[in-house]
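Here the structure comes first, spelled out in structure tokens, and everything after it is commentary.
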Amino acid sequence: MQRLRRLFDLLAGDPQAERAVPPTGFTARLTVLTAGAMAFLAVFAMALSLATGRLADRWAAELAQTSTLRISAPQGQLDAQTEAALRVLQTTPGVAEARALSADEQRALLAPWFGPDLPIESLPVPQLIEIIEDADGYDPAGLRARLQAEVPGAVLDDHTRWREPLIEAAGRLRLLGLVSMGLIAVATAAMITLAANAALAANAQVIRVMRLVGAKDIYIARAFVRRFTLRALIGAALGTLAGTLAVMLLPRTDAAGGFLTGLGFQGLHWLWPLVIPILAALVAFVATRQAALKTLREQS
Amino acid sequence: MIELDNVAYSYGGGELFSGLDLSLAPGSFHFLTGPSGTGKTTLLKLCYGELIATAGQVRLFGEDARALDRDAVALTRRRIGVVHQDCQFLDHLPVAENIALPLTVAGLPAMPDDLRDLLGWVGLTRQAAQRPPELSGGERQRAALARAVIMSPEVILADEPTGNVDPEMSQRLLALLVELNKMGKTVLIATHDMSLIRAAKPHVSARVLRLADRKLHLAGADL
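Chains P and H, in that order, are what the protein sequence lines are.
Under the working numbering, the first sequence has 2 at position 2, and the numbering climbs by one with no breaks.
Heads up, the working numbering is the position in the second sequence plus 1000, with the first residue counted as 1.
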């Protein structure tokens, strides 16, 4: 309880002590601006991290449960091989559902490359069969062996080949977002330390007078810590607000939307940016306190 | 209260003084004289822990000054009121807040009535809301004296307190310091103003010390 009270005292600072230090416009503006800019960037880093996390989860969930069977055969044999493949799949343990894609569905898949009016019936396009696994999943090696014997033109793609790199890429992006936030915190701490050092140097005479009348180092440090913490909090709150508004104004996800249009917050994730000003204030508190106590030690 | 035992102080490769002994007993009154540059201000700084002796021992209220950490030095300074020649105020704060600063940094409340009485004692009631740069030299010295005594310290150290004021104001400041001594405070005034020392003679029993040739001497007979 006493520790909590001490922590609260440190965070609350001392308005009287702060009053003893004259306000300096340069360091005040620098701190507010730095905290604001860094918080703005942190919102995007956070949005990136959360979006890539969602993306990785979605890809993992969707791709892990589906696979594709491609049947390449001469036109006269395509329907027979498709039916044979469906029969094999219906009797394969672990396959919940298997269905041949319609011509319209196949045309829609090819539309991004060949346009909407592709005469698919007159082209040697393979037939695709979508396979949905049940919770236990099937044995790909066993299924391939059966297909090789009964449907020679069938090629099974269980999505492993491109699912794993995609999930890995999404994971890396999420890590990149987190590293960006860490770098932003470090850069904020460095800038605030510089500003605090400038303020301490500019107020050397004030510090001398306060010491002369019996002020302890921690009392003098509090004057600076409170001021810089509040400035960082205000700057970060403004930066976070601006960043959140910018994310809100990003284009919505639609059918043609790629990854970037999915960048943003969803549901309760909109509350996450509220953490940024608190973290910025905490970073400022620690950075200023360290800088102030170090400078006061050196000045004595 | 404050004792210096065989103290020396050197800086920049040169020795300012050495073999210096001094004891400020409770309720005593001392003048410290000597030519400029002989170390009067340095001696005072040793007495309130701003400097550490390069040899010998300085004891502040029985504690070896060399063994005090920064917090302990701060606490010691609350028992010693210091008046500087250049006063050293926080120019952005009103005079009243500057005078109350020792209470503020100690986390003690400044009672309005006590502060008013103190301002009245040094004749600065009307200047309470002014900023230090707006005060005259004499007013600044009186404000510095008020700040030095607001914590009711046991010792008052004054470094050339009359250096920037006219003779009339010098007498007024001296009267205030003598009054504090009669209240039981130990007073040490560093000055090269011999007229100030002569003026004190009828009012106080003071010891005059002279710092010269790197040594501290008793300057003739005590006043």
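Positions of the beta carbon are idealized from the N, C-alpha and C atoms, including for glycine.
Quick caveat: nothing in here was measured; it's all calculated off a predicted structure.
Buried or exposed by the 16-neighbour rule on C-beta atoms within 10 Å, applied to V21/P: Its Cβ being crowded by 16 or more others within 10 Å, V21/P is buried.
A1199/H versus S1036/H: straight-line alpha-carbon distance, rounded: 21 Å
Excluding the five sequence neighbours on either side, which residues of its own chain have a C-beta within less than 6 Å of the C-beta of S1224/H, listed in chain order? Because chain H in this structure spans residues 1001 to 1223, residue 1224/H falls outside the shown range and cannot be described.
Using a Cβ-Cβ distance under 8 Å, would D217/P count as near chain A? Judged by its chain identifiers, the structure shown contains no chain A, and its protein chains are P and H.
Does the CB of A20/P have a neighbour CB from chain H at under 8 Å? Chain H has a Cβ within less than 8 Å of the Cβ of A20/P.
Please confirm if V213/P has its CB atom under 8 Å from at least one CB of chain H. Closer than 8 Å: yes.
When the Cα atoms are used, what is the spatial distance from R1139/H to V1149/H? Note that residue 1139/H is Glu in the sequence shown here, rather than Arg. Going from the Cα of E1139/H to the Cα of V1149/H covers about 15 Å.
According to DSSP, A1158/H sits in a beta bridge with which residue or residues? V1083/H, I1189/H
When we look at the beta-carbon of G257/P and count the other beta-carbons within 10 Å, is it buried (16 or more) or exposed? Since pLDDT at G257/P reaches only 49, below the 50 mark, its modelled position is unreliable, and the value read off the structure follows with that caveat. So G257/P ends up on the exposed side.
Please list the partners that D1071/H has in chain P, where partner means a Cβ-to-Cβ separation under 9 Å. K216, D217, I218
Does any C-beta atom of chain H lie closer than 8 Å to the C-beta of V206/P? yes
Looking at the ligand MN, does it come within less than 7 Å of G239/P, judged from the CB to the closest heavy atom? Absent from the structure shown: the ligand MN. Ligands present: none.
Once DSSP output is grouped into helix, strand and coil, what is the label at Q205/P? helix
For H1217/H, the residue or residues it bridges with in DSSP: R1210/H
Checking 8 Å against the spacing of the C-beta atoms, do A1096/H and V1122/H come in under that value? no
Whose C-beta lies closer than 7 Å to the C-beta of A47/P among residues of the same chain, with five residues either side of it excluded? V247, L263, G264, F265
Tell me which residues share the same chain as P1161/H and place their Cβ nearer than 6 Å to its Cβ, disregarding the 5 neighbours each side in the sequence. V1083, Q1141, L1173
What are the partner residues of T68/P, as DSSP defines its beta bridges? E130/P, D157/P
Ignore the nearest five residues each way along the sequence and tell me which others in G1039/H's own chain have a CB closer than 7 Å to its CB. Y1009, L1016, F1017, L1211
Partners in chain H for V334/P, counting only beta-carbon separations shorter than 9 Å: Since the first residue of chain P shown is 1 and the last is 300, residue 334/P is not available in this structure.
Beta carbon of E1050/H nearer than 8 Å to that of S1023/H: no
Taking 8 Å as the threshold (beta carbon to beta carbon), is V1095/H in contact with chain P? no
Determine whether the Cβ of A1106/H lies closer than 8 Å to any Cβ atom of chain P. yes
Report the rounded CA-to-CA distance for H269/P versus P277/P, giving the unit in angstroms. 16 Å
Spatial distance of I184/P from A1072/H (CA atoms): Cα-Cα distance, rounded: 39 Å.
With burial defined as no fewer than 16 other Cβ atoms inside 10 Å of the residue's Cβ, what is the status of M210/P: buried or exposed? buried
Going by alpha carbons, who is nearest to E97/P out of Q81/P, D79/P, I129/P, Q299/P? Across the set Q81/P, D79/P, I129/P, Q299/P, the C-alpha of I129/P shows the shortest separation from the C-alpha of E97/P.
Does I197/P come out as helix, strand or coil in the three-state DSSP assignment? In the sequence under discussion, the amino acid at residue 197/P is Asn, which differs from the Ile named in the question. The answer is helix: DSSP assigns N197/P an H, G or I state.
Is the distance from the Cβ of L1157/H to the Cβ of Y1048/H below 8 Å? Going by beta carbons, L1157/H and Y1048/H fall inside the 8 Å limit.
For F1031/H, which of helix, strand or coil comes out of DSSP? strand
Select from Q1171/H, L1209/H, L1135/H the residue whose C-alpha is nearest the C-alpha of L1093/H. In this structure, L1135/H is the residue among Q1171/H, L1209/H, L1135/H with its C-alpha nearest to the C-alpha of L1093/H.
With a threshold of 8 Å, are at least 3 pairs of Cβ atoms found where one atom belongs to the region 177-191 of chain P and the other to the region 55-65 of chain P? no
State the Cα-Cα distance for the pair Q127/P and L78/P, rounded to the nearest angstrom. 7 Å
Please classify Y138/P as buried or exposed, where buried requires at least 16 other C-beta atoms within 10 Å of its C-beta. buried
Tell me the DSSP bridge mates of R1059/H? Beta-bridge partners assigned by DSSP to R1059/H: E1003/H, D1064/H.
Compare the C-beta of V1155/H with all C-beta atoms of chain P and state if any pair is closer than 8 Å. no
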